[in-house]
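Notes follow once the structure below has been shown.
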Amino acid sequence: MKIGLMRIVSICVINFMLNYLLLFPLGLFKYITTPDLKMFALAGIVVSGIPALATLLFYKLVDRKQIRSLGFQFKRKDLLFSFVSIASTILLVLIMGVLASSLEIVSAHWNSEAFSEVSFYLSIIMVFVAWFVAAFYEEILFRGYFVANLSFLSMKKLYVITSLIFMVFHIFKGLDPISIVLLMIMSCVMLNVYLKSGSLLPCTFAHLIFNFSTSHLVGSSDIAILKFDGDLGLFNLLFIGLYMIITILLTTIFYEKKEPSMIVHNTKVLS
Numbered sequence: 001m002k003i004g005l006m007r008i009v010s011i012c013v014i015n016f017m018l019n020y021l022l023l024f025p026l027g028l029f030k031y032i033t034t035p036d037l038k039m040f041a042l043a044g045i046v047v048s049g050i051p052a053l054a055t056l057l058f059y060k061l062v063d064r065k066q067i068r069s070l071g072f073q074f075k076r077k078d079l080l081f082s083f084v085s086i087a088s089t090i091l092l093v094l095i096m097g098v099l100a101s102s103l104e105i106v107s108a109h110w111n112s113e114a115f116s117e118v119s120f121y122l123s124i125i126m127v128f129v130a131w132f133v134a135a136f137y138e139e140i141l142f143r144g145y146f147v148a149n150l151s152f153l154s155m156k157k158l159y160v161i162t163s164l165i166f167m168v169f170h171i172f173k174g175l176d177p178i179s180i181v182l183l184m185i186m187s188c189v190m191l192n193v194y195l196k197s198g199s200l201l202p203c204t205f206a207h208l209i210f211n212f213s214t215s216h217l218v219g220s221s222d223i224a225i226l227k228f229d230g231d232l233g234l235f236n237l238l239f240i241g242l243y244m245i246i247t248i249l250l251t252t253i254f255y256e257k258k259e260p261s262m263i264v265h266n267t268k269v270l271s
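Numbering-wise (the working numbering), the sequence shown opens with residue 1 and increments by one.
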């Protein structure tokens with residue numbers, strides 16, 4: 001128990017300091033909010049990639065465990081879950097955008113002229129990769145590493161502790177009462193995917209498509225399929241709520257087990 005807690009505290013301090021140093025002293029924070037997609041992608045990969053690598057090395061060298069024991073399998077069921085999650089999230093965010101436009105909350109139009117430009121697809125790939133690295137990093141740390149070192153907690157406490165720390169790590173992006181609640185619930189949703197699937201990859205894809213869709217596939221981004229300025233207002237909260245419900249349903253459908261996956265019972269992972 002004490003060793004697990006010490007490791008959790010240590011890895012949190014390391015990651016918190018890395019995040020701070022990369023975002024502020026090195027000045028990368030301005031690039032993760034820039035409309036320049038190339039700089040956004042590069043900064044995103046660096047800001048998430050370095051802490052992800054540090055976490056994996058810590059697990060390998062300090063925990064003295066095989067990195068693959070965190071769960072990186074990608075079976076047919078995981079592939080299908082990821083595909084349906086991506087497709088349903090994209091469809092949902094587009095529906096929310098169209099509905100908001102029809103109610104004149106925003107003035108939206110389809111960015112069809114961009115489909116004929118090669119740069120459009122290259123930008124989508126770059127941004128997608130950046131969001132993948134970001135989601136992969138968070139899943140490695142907050143789901144993979146935490147589960148491996150908090151085995152002494154009850155399942156309820158595991159959800160609470162991981163969601164609290166997940167929320168705190170978003171402090172650099174700004175927190176308010178609503179975002180605090182949403183971040184903690186989102187953490188629980190992703191942890192549920194990880195525990196039921198036993199793999200970090202399904203929750204990584206579910207995580208990345210949420211960020212990718214809300215940040216770049218709709219709105220003012222150059223690669224937005226549905227372009228509009230402003231905020232969706234309550235439709236944004238509705239989208240987040242529906243997204244989490246759909247993810248829980250997909251997890252139940254694809255991973256029918258009532259008990260958590262083998263990964264949380266594996267003594268080689270949890271000792």
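Here a beta-carbon is modelled for each residue, glycine too, at the ideal position from N, C-alpha and C.
For this session: Compare the Cα-Cα distances from Asp-229 to each of His-216, Val-181, Met-126 and report the closest residue.
Result: Ranking His-216, Val-181, Met-126 by Cα distance to Asp-229 puts His-216 first.
For this session: Report yes or no: do the stretch 238-254 and the stretch 186-200 share at least 3 C-beta pairs separated by less than 8 angstroms?
Result: Because the criterion of three Cβ pairs below 8 angstroms is met, the stretch 238-254 and the stretch 186-200 touch.
Exercise. Three-state secondary structure (DSSP) at Leu-226?
Worked result: Note: Leu-226 maps to strand in three-state DSSP.
Exercise. Between Thr-252 and Ser-85, what straight-line distance do the alpha-carbon atoms span, to the nearest angstrom?
Worked result: If you take the alpha carbons of Thr-252 and Ser-85, they lie about 13 angstroms apart.
For this session: At 3 residues or longer, and completely inside the stretch 149-198: list those beta strand (DSSP E) runs for me, N to C.
Result: If we require 3 residues or more, the stretch 149-198 turns out to have no beta strand (DSSP E) run fully inside it.
Exercise. So Ser-197 and Tyr-159 are in contact, right, with Cβ under 8 angstroms, and what is the actual spacing, rounded?
Worked result: That belief does not hold up - the Cβ atoms of Ser-197 and Tyr-159 are roughly 16 angstroms apart, past 8 angstroms.
Exercise. Per DSSP, Trp-110 is paired with what?
Worked result: Its beta-bridge partners are Leu-226.
Problem set entry | Residues bridged to Gly-219 (per DSSP) | Looking at the DSSP assignment, Gly-219 forms a beta bridge with Lys-227.
Problem set entry | Distance between Val-62 and Asn-315 (C-alpha atoms, nearest Å) | There is no way to answer for residue 315, as the model of the chain reaches only from 1 to 271.
Problem set entry | Buried versus exposed, by CB contacts within 10 Å (16 or more), Ala-130 | Buried, by the Cβ-count rule.
Problem set entry | C-beta atoms of Ser-213 and Thr-34 nearer than 8 angstroms | No, the Cβ-Cβ distance between Ser-213 and Thr-34 is not below 8 angstroms.
Problem set entry | Closest Cα partner of Phe-205 within the set Ser-82, Leu-122, Met-96, Glu-117 | Nearest in C-alpha terms to Phe-205, of all of Ser-82, Leu-122, Met-96, Glu-117, is Ser-82.
Problem set entry | Delimiting residues of the alpha helix (DSSP H) encompassing Glu-138 | Unbroken alpha helix (DSSP H) run through Glu-138: 118-138.
For this session: Drop a sphere of 10 angstroms on the beta-carbon of Ser-48, count the other beta-carbons inside from all chains shown, and report buried for 16 or more, exposed for fewer.
Result: Buried.
Exercise. Given a threshold of 16 other Cβ atoms within 10 Å of its Cβ, counted over all protein chains shown, does Ile-32 qualify as buried or as exposed?
Worked result: Using a 10 angstroms sphere on the CB of Ile-32, the tally of other CB atoms reaches 16 or more, which defines it as buried.
Problem set entry | Cβ neighbour criterion (16 or more within 10 Å) applied to Met-155 | Of the other Cβ atoms in all chains shown, fewer than 16 fall within 10 Å of the Cβ of Met-155; this residue is therefore exposed.
Exercise. DSSP on Val-93, reduced to helix/strand/coil?
Worked result: For Val-93, the three-state secondary structure derived from DSSP is helix.
Problem set entry | Rounded straight-line distance, which links the Cα of Tyr-20 to that of Ile-95 | About 36 angstroms.
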